[in-house]
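FYI, in this note's numbering the residues of the sequence shown are 1 to 254. This report refers to the structure that appears directly beneath it.
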Amino acid sequence: MTGSRTPDSALHPLDDPVGSALRGPHAHFAERRGRILRYPPSVTPWLALPDLPEAADWADAAALAGPGGIVTVTAFRERPPEDWEVVFDAEGVQLVDVAVEAAPWPEAVRLGPADVPEMLDLVARTRPGPFETRTIELGTYLGVRRDGVLVAMAGERLRPPGWSEISGVCTDESVRGQGLAGGLVRAVAHEIRARGETPFLHAAASNTNAVRLYESLGFALRRRTPFLSAIVPGNPPIRVAGNAPDDVREAATR
1 MTGSRTPDSA
11 LHPLDDPVGS
21 ALRGPHAHFA
31 ERRGRILRYP
41 PSVTPWLALP
51 DLPEAADWAD
61 AAALAGPGGI
71 VTVTAFRERP
81 PEDWEVVFDA
91 EGVQLVDVAV
101 EAAPWPEAVR
111 LGPADVPEML
121 DLVARTRPGP
131 FETRTIELGT
141 YLGVRRDGVL
151 VAMAGERLRP
161 PGWSEISGVC
171 TDESVRGQGL
181 AGGLVRAVAH
191 EIRARGETPF
201 LHAAASNTNA
211 VRLYESLGFA
221 LRRRTPFLSA
231 IVPGNPPIRV
241 AGNAPDDVRE
251 AATR
């Protein structure tokens, strides 16, 4: 099939959130080859495809990721070549702020680079989705500490023009049911609105508990969207923390 891309001006920013972010507020993160854009893997695994990718586009995606590298996409219309190993394939939902009671939260503390080791440890315990060593560079991250230990956090990931995605929402099992996730989401939403942007988020369609929570906070379904992660053919590189297929399988949960 001959590929073509819907003109960028005809797309709503949230119809291609990865590409919109990498052509906009996150352009300084963008790695480009041909028509392919992606974040550095140390930041987040997302990659943006053209609307109808051609063989050359998949070849460029493979070149960016490298043999054995992982490509994670959403809002795609064409599946990867048959020799790519699909390791995650699921339907997700995209929700947008329609009535969120955004507000600062006194218990929330701002997290910074020095907190990344604790954040990675919390992510390993709770598996909210990919969080890499540089993910914190994407936006504001807030957390809750109990007895000096980080037990909950939420922050920002994709930033299409006029929008900011709330992501990395996770709570340690020992403090679940105490409203920490809701408080943090409202607090991050407050930070986003203060910049004149609108919060949105993604979740796996099968994660009904998360979807219900977000709807109760004032988010509403905008669209359903596919999520897919696939491994580029070839001998894989030595794996480093955060890049193993098990981590990528969590990519659609937030």
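Quick reminder that beta carbons are idealized off the backbone N, C-alpha and C, glycines included.
- In the three-state reduction of the DSSP assignment, residue 115 falls in the helix class.
- Apart from the 5 residues on each side of it in sequence, residue 35 sits with its Cβ closer than 6 Å to the Cβ of 50, 57 in its chain, given in chain order.
- Within the model, the alpha-carbon separation for residue 171 versus residue 153 is close to 7 Å.
- For residue 42, the closest of 79, 138, 167, 76 by C-alpha to C-alpha distance is 138.
- The beta carbon of residue 148 sits closer than 7 Å to none of the beta carbons in its chain outside the five residues before and after it.
- Taking 7 Å as the cut-off, the beta carbon of residue 98 is found closer than this to the beta carbon of residue 220.
- Bridge partners of residue 202 according to DSSP: 94.
- A direct Cα-to-Cα measurement between residue 199 and residue 165 gives close to 6 Å.
- With a beta-carbon spacing of about 17 Å, residue 90 and residue 167 fall beyond the 8 Å limit used to define contacts.
- Excluding sequence positions up to five before and after residue 83, its CB lies within less than 6 Å of the CB of 233, all in the same chain and listed in chain order.
- Remark: C-beta atoms of residue 78 and residue 45 do not approach each other more closely than 7 Å.
- In the three-state DSSP reduction, residue 58 falls in the helix class (H, G or I).
- With a cutoff of 7 Å on beta-carbon distance, residue 111 and residue 143 are scored as near each other.
- Residue 17 sits in a helix when the DSSP states are folded into three classes.
- For residue 31, the enclosing beta strand (DSSP E) stretches over residues 31 to 33.
- Around residue 62, the same chain offers 232 as residues with beta carbons nearer than 7 Å, after the five sequence neighbours per side are excluded.
- Residue 36: member of the beta strand (DSSP E) spanning 36 to 38, first to last residue.
- Across the structure, residue 27 and residue 126 are spaced so that their CA atoms are roughly 30 Å apart.
- Restricting attention to 215, 80, 117, 65, the CA atom closest to the CA of residue 55 is found in 80.
- Taking the Cα positions, residue 100 is about 18 Å away from residue 209.
- In this structure, residue 106 lies away from residue 190, with their beta-carbon atoms at least 7 Å apart.
- Assignment of beta-bridge partners to residue 192 by DSSP yields no partner.
- Going by C-alpha positions, residue 47 is about 29 Å away from residue 218.
- In this structure, residue 13 sits near residue 161, with a CB-CB distance shorter than 7 Å.
- By the C-beta density criterion, residue 73 is buried, having at least 16 other C-beta atoms within 10 angstroms.
- In the three-state reduction of the DSSP assignment, residue 220 falls in the strand class.
- In this structure, the alpha-carbon of residue 193 lies about 16 Å from that of residue 25.
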